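Just so you know, the sequences run in chain order U and Y.
Read the first sequence against the numbering used here and you will find it ends at 197, with the numbers running on by one and no gaps.
Read the second sequence against the numbering used here and you will find it ends at 197, with the numbers running on by one and no gaps.
To start, the structure under review is shown below, and the notes come after it.
Protein chains: 2
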Amino acid sequence: MPQHPIRLFIANYVSIADSDWQEIEVAFERFETDKGAIILQEGKICRYLYFLESGLLRFYLTKDGKDVTKFFTDAPYMFTSQVSFSSQTPAKETIQAIEKSVVWQISLTQANQLLRFPVWSEFIRKLIQEVQYYTEEILSEMQTETAETRYEIMLKNKPDWLQRIPLKYLASYLGIAMPSLSRIRKKFQSQSGS
Amino acid sequence: MPQHPIRLFIANYVSIADSDWQEIEVAFERFETDKGAIILQEGKICRYLYFLESGLLRFYLTKDGKDVTKFFTDAPYMFTSQVSFSSQTPAKETIQAIEKSVVWQISLTQANQLLRFPVWSEFIRKLIQEVQYYTEEILSEMQTETAETRYEIMLKNKPDWLQRIPLKYLASYLGIAMPSLSRIRKKFQSQSGS
Numbered sequence: 004m005p006q007h008p009i010r011l012f013i014a015n016y017v018s019i020a021d022s023d024w025q026e027i028e029v030a031f032e033r034f035e036t037d038k039g040a041i042i043l044q045e046g047k048i049c050r051y052l053y054f055l056e057s058g059l060l061r062f063y064l065t066k067d068g069k070d071v072t073k074f075f076t077d078a079p080y081m082f083t084s085q086v087s088f089s090s091q092t093p094a095k096e097t098i099q100a101i102e103k104s105v106v107w108q109i110s111l112t113q114a115n116q117l118l119r120f121p122v123w124s125e126f127i128r129k130l131i132q133e134v135q136y137y138t139e140e141i142l143s144e145m146q147t148e149t150a151e152t153r154y155e156i157m158l159k160n161k162p163d164w165l166q167r168i169p170l171k172y173l174a175s176y177l178g179i180a181m182p183s184l185s186r187i188r189k190k191f192q193s194q195s196g197s
Numbered sequence: 004m005p006q007h008p009i010r011l012f013i014a015n016y017v018s019i020a021d022s023d024w025q026e027i028e029v030a031f032e033r034f035e036t037d038k039g040a041i042i043l044q045e046g047k048i049c050r051y052l053y054f055l056e057s058g059l060l061r062f063y064l065t066k067d068g069k070d071v072t073k074f075f076t077d078a079p080y081m082f083t084s085q086v087s088f089s090s091q092t093p094a095k096e097t098i099q100a101i102e103k104s105v106v107w108q109i110s111l112t113q114a115n116q117l118l119r120f121p122v123w124s125e126f127i128r129k130l131i132q133e134v135q136y137y138t139e140e141i142l143s144e145m146q147t148e149t150a151e152t153r154y155e156i157m158l159k160n161k162p163d164w165l166q167r168i169p170l171k172y173l174a175s176y177l178g179i180a181m182p183s184l185s186r187i188r189k190k191f192q193s194q195s196g197s
C-alpha cells in the first residue's frame, strides 16, 4: 500500500513510528479546491493548519485596492496564515489556489494536542525553521537583486513555475508592471533560442 | 536577587521551573563586544545560538562590494545565523554589533541537548515562529510600502532606532541612497516641528 502523502512529507524531517502516525492521520481532513478558489480570505480567522498534497498556492496582500503577491507555495508542503492561526486573529493575507488542488486540514486544537508527541513537536519546529529560511531568502533576494535577476533565479530553480503561474501574479511578485515583465521574458526567450 | 536576563526572556514564552532553568543557565557563556564588532563574519560557520542582553545588532549581506542591511535586532532577543548554525555551513550574512553589547552564547551541541526538556523545545518553537512572523512583516512592508512609508513606520514603532542606527545603515535597510534618506528625514523633522 503506498504511504500517505502527509506521512511521506513528515518523514523528510523526522522518523515517524506507526503509532505516532495513527494519531496524526485521524486529525487531518481532506478536501479539493478548484483553480482560483480562495482557501483563506484576508480579514477572516485562519482556523486550520493545512497540507497541500497537490496544486499551487498564492499568498497575497491587498494594498490600495491592488493585490500584491507575497509568495507561492508548491505541493507537497504545509501552510497556514501563521499569526492568524496561532493567535486566532483576522488574517492580513489571502491564500488562493491558483491550480486545482488537494488539501488536508487540521484544527488548532488538534494541532496543539499533537504537540504532546515529541515527533510532531520536532517536525513542527524543523518545518517553521525551514519556512523562516525560505522567507529570509525571498527578503534577501528582494533587498539585493533586480526584478530581472529574480526572474532568472526562478527560471533556474523553478522553471515549471514560469509555466504554471499566471503572468499578472508573477509581475506582482516581482514588484514590476506587466510591460516590464514582457521585456524580461522576451530577453530570456531570445537567449534560450540562440 | 534579580532574575537572570535569559530567564526573564524565556519566561515571556513559557513558564519555566527552577530545575529547568539550572540546566539552561550552565550552558550559556557571557561576553561583551565593542561598538562595531563583528560577531559573525559572512563565509564563517556560525557555531552558536546567542542571546543579546543589551545593545543593537545589524545583519547584512555583501552584494557587488557594497553591504546591504537585512534587518536589526534589539536587546533583549535571541539571534543566530539560522541555516549556518543548524547545518554548520558557511554563513551568507555578517552580524555586527552597532552598539557596545552584552551577549550570551550556547553551542549547537548544548542547544540540541536542551531540546530534551519540553520547556526549552516549546520556547524554541515559539521563538522561531515569532522570528518567522517578524521576517514576513519586513517582507510584506518591502513589497507594499515606499521607503518613505517604511521610515514613517519605524518613526512610529521604533523611534529610538532612528537615533541609534547610523544613517548609512538605515539607508541601506530602506534600499535608498543617502540623499533620498536626507530628504525623507527633513520632511518628517519639519512636520514634527510645525
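Even for Gly, the Cβ is constructed at its ideal location relative to N, Cα and C.
Nothing here was measured: the structure is a model prediction, and the numbers come from that model.
Self-check item: Spatial distance of U:Trp24 from Y:Asp70 (CA atoms)
Solution: Along the first sequence, read from residue 1 onward, the residue named residue 24 of chain U stands at position 21. Along the second sequence, read from residue 1 onward, the residue named residue 70 of chain Y stands at position 67. Counting only the Cα atoms, Y:Asp70 lies some 47 Å from U:Trp24.
Quiz item: For U:Cys49, which option in U:Leu184, U:Ile109, U:Phe31 and U:Glu151 has the closest C-alpha, if you only look at C-alpha atoms?
Solution: Here residue 49 of chain U refers to the residue found at position 46 when the first sequence is read from its first residue. Answer by Cα proximity: U:Ile109.
Self-check item: Selection of the region 129-153 of chain Y by Cβ proximity to chain U, strictly under 7 Å
Solution: Ile131, Gln132, Val134, Gln135, Tyr136, Thr138, Glu139, Ile141, Leu142, Ser143, Met145, Gln146 and Thr147
Quiz item: Between Y:Ile170 and Y:Ala78, what straight-line distance do the alpha-carbon atoms span, to the nearest angstrom?
Solution: For the purposes of this step, residue 170 of chain Y is taken as residue 167 along the second sequence, with counting starting at 1. For the purposes of this step, residue 78 of chain Y is taken as residue 75 along the second sequence, with counting starting at 1. It should be noted that the sequence gives Leu, not Ile, for residue 170 of chain Y. Cα to Cα, Y:Leu170 sits roughly 20 Å from Y:Ala78.
Exercise. Give a yes or no on whether the minimum CB-CB distance between Y:Leu184 and chain U is below 8 Å.
Key: Looking up residue 184 of chain Y in the second sequence gives position 181. Residue-level contact by beta carbon fails for Y:Leu184 and chain U, as no gap is shorter than 8 Å.
Practice problem: Starting from U:Thr65, follow its DSSP beta bridges and name the residues at the other end. | Solution: Here residue 65 of chain U refers to the residue found at position 62 of the first sequence. Answer is U:Asp70.
Quiz item: Who are the near neighbours of U:Gln91 in its chain, counting only those whose CB is closer than 6 Å to its CB and skipping five residues on each side?
Solution: For the purposes of this step, residue 91 of chain U is taken as residue 88 along the first sequence, with counting starting at 1. So the list reads Ile48, once near-sequence residues are dropped.
Self-check item: Alpha carbon of U:Ile19 to alpha carbon of Y:Trp123, nearest angstrom
Solution: Position 16 of the first sequence, counted from the start, is the residue given in the question as residue 19 of chain U. Position 120 of the second sequence, counted from the start, is the residue given in the question as residue 123 of chain Y. If you take the alpha carbons of U:Ile19 and Y:Trp123, they lie about 22 Å apart.
Quiz prompt | Continuous beta strand (DSSP E) stretch holding U:Ile41: start and end | solution = Within the first sequence, residue 41 of chain U is the residue found at index 38, counting from 1. DSSP places U:Ile41 inside the beta strand (DSSP E), whose first and last residues are Ile41 to Leu43.
Self-check item: Under 7 Å (Cβ pairs) to chain Y, residues found in the region 39-68 of chain U
Solution: Cβ contacts with chain Y come from Leu64 and Lys66.
Quiz item: Mind pulling the chain Y residues with CB within less than 7 Å of U:Ile127?
Solution: By 1-based counting over the first sequence, the position of residue 127 of chain U is 124. Within chain Y, the C-beta atoms nearer than 7 Å to that of U:Ile127 come from Arg128, in chain order.
Practice problem: Enumerate in chain order the residues of its own chain whose CB-to-CB distance from U:Leu165 is below 7 Å, with the five nearest sequence positions on each side excluded. | Solution: The residue given as residue 165 of chain U occupies position 162 in the first sequence. So the qualifying residues of the chain are Met157 and Leu158.
Quiz item: Among the residues of its own chain, which have a CB less than 7 Å from the CB of Y:Ile141, if the five just before and after it don't count?
Solution: Indexing the second sequence from 1 puts residue 141 of chain Y at position 138. Phe74, listed in sequence order.
Quiz item: Looking at the C-beta of Y:Val86, does it have a partner C-beta in chain U at a distance below 8 Å?
Solution: As a working note, residue 86 of chain Y is residue 83 in the second sequence. Taking Cβ atoms only, chain U reaches closer than 8 Å to Y:Val86, which makes this a yes.
Self-check item: Nearest neighbour of Y:Thr36, chosen from Y:Tyr51, Y:Gly46, Y:Glu125 and Y:Leu60 [CA to CA]
Solution: Locating residue 36 of chain Y in the second sequence gives position 33, counting from the first residue. Checked all of Y:Tyr51, Y:Gly46, Y:Glu125 and Y:Leu60; the closest Cα to Y:Thr36 is Y:Leu60.
Quiz item: Which two residues bound the contiguous beta strand (DSSP E) that contains Y:Ala100?
Solution: Here the question's residue 100 of chain Y lines up with position 97 in the second sequence. Segment Thr97 to Ala100, the beta strand (DSSP E) holding Y:Ala100.
Exercise. Verify the CB distance criterion: does Y:Ser22 have a CB-CB separation below 8 Å to chain U?
Key: Counted from its first residue, the second sequence places residue 22 of chain Y at position 19. Answer no: the Cβ-Cβ gap between Y:Ser22 and chain U never drops below 8 Å.
Quiz item: Taking Cβ to Cβ, would you say Y:Ala100 is nearer than 8 Å to Y:Ala150?
Solution: If you number the second sequence from 1, residue 100 of chain Y lands on position 97. If you number the second sequence from 1, residue 150 of chain Y lands on position 147. Contact: no.
Quiz prompt | Distance between U:Ile168 and U:Pro162 (C-alpha atoms, nearest Å) | solution = Translated into positions along the first sequence, residue 162 of chain U becomes position 159. Translated into positions along the first sequence, residue 168 of chain U becomes position 165. Each residue's alpha carbon lies about 11 Å from the other.
Quiz prompt | Residues of the region 113-124 of chain Y with Cβ closer than 7 Å to any Cβ of chain U, in chain order | solution = Going along the region 113-124 of chain Y in chain order, one finds Ser124 with a Cβ nearer than 7 Å to chain U.
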